[in-house]
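J.:
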Amino acid sequence: MASPGVAGCFGKLRGNGDFVTRRLPQGFVVPWDAMLQAGLLASRAARGRAWLDAYLGAPLWRFALGGGVLGEDGWAGVLMPSVDSAGRHFPLTIAAPVEAGAWSAWRPHSHAWFAHCGALALATLGKGARLVDFDAGLLALGPGHDANEVSTPSHAGAWGTSVWWHAQTARMCAGLPDAAFVAALFDDRVG
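Just so you know, we're using UniProt numbering here: the sequence shown kicks off at 1 and counts up by one.
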């Protein structure tokens, strides 16, 4: 079975005072950061004083970027609202590369991997959560295998597309999401 590569992260962690980046190339981080910054600005502008409550109440989103979105290979991961030790709000992303041709074989068995990523991300919000433990968890992520689970959308990993989902909600766009799409991920207008 095909599987994702080694996972990395980008964003804010409760126990740290600045951005954390692990094992993600600049070809991922730079456009990803720009996408998130634009989306957060749009969300703040649209929501005004209600922004923080909407942001903090946003769900953890799973995503699949097909090849051609951020390079030849695709990406799989999770995104959730987060905050650093100084109270600055910015999302946390866990992501791993997936060979463009491997999606169809891995997708039916990917639920466990996404679930483990989500659990790791949520654990960073706990008191006493440490970067070293989180990073060890990222390195320990296996390919995941749950033959009875097919909750990853069938179009996940399609060339040139971004697919985002949680619970029973799925959204898709060509390329990276624009500011309005990202803004909607962090408030109650989507889902």
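Where is the CB? At the ideal position from N, CA and C, for every residue including glycine.
For residue 77, I'd like the list of residues in its chain whose CB is within less than 7 Å of its CB, leaving aside the five on either flank, ordered along the chain.
T.: Result list for residue 77: 63, 93, 94, 95, 96 and 117, in chain order.
J.: For residue 67, count neighbouring Cβ atoms within 10 angstroms of its own Cβ and tell me buried if that reaches 16, exposed if not.
T.: By the neighbour-count rule (16 or more Cβ atoms within 10 Å), residue 67 is buried.
J.: Just checking residue 125 against the ligand NAP - is the residue's beta carbon closer than 6 Å to any of the ligand's heavy atoms?
T.: As for the ligand NAP, it is missing from this structure, which has no ligand bound.
J.: Measure the CB-CB distance between residue 98 and residue 162 and report whether it falls below 7 Å.
T.: It is not a contact, given that the beta carbons lie outside the stated cut-off.
J.: Which residues mark the beginning and the end of the beta strand (DSSP E) in which residue 194 is found?
T.: Residue 194 lies beyond the residue range present for the chain, which begins at 1 and ends at 191; the question has no answer from this structure.
J.: Assign residue 127 to buried or exposed, taking buried as 16 or more other Cβ atoms, counted over all protein chains shown, within 10 Å of its Cβ.
T.: Residue 127 should be labelled exposed.
J.: Could you tell me the distance, in whole angstroms, from the CA atom of residue 129 to the CA atom of residue 72?
T.: One C-alpha to the other measures close to 35 Å.
J.: Go ahead and pull the three-state DSSP assignment for residue 150.
T.: With a pLDDT of 43 at residue 150, under the threshold of 50, the modelled position of this residue cannot be trusted; read the value that follows with caution. Looking at residue 150 - three-state DSSP - the assignment turns out to be coil, as it is neither helix nor strand.
J.: In this structure, how does DSSP classify residue 184 when only helix, strand and coil are distinguished?
T.: In the structure shown, residue 184 sits in a helix (DSSP, three-state: H, G or I).
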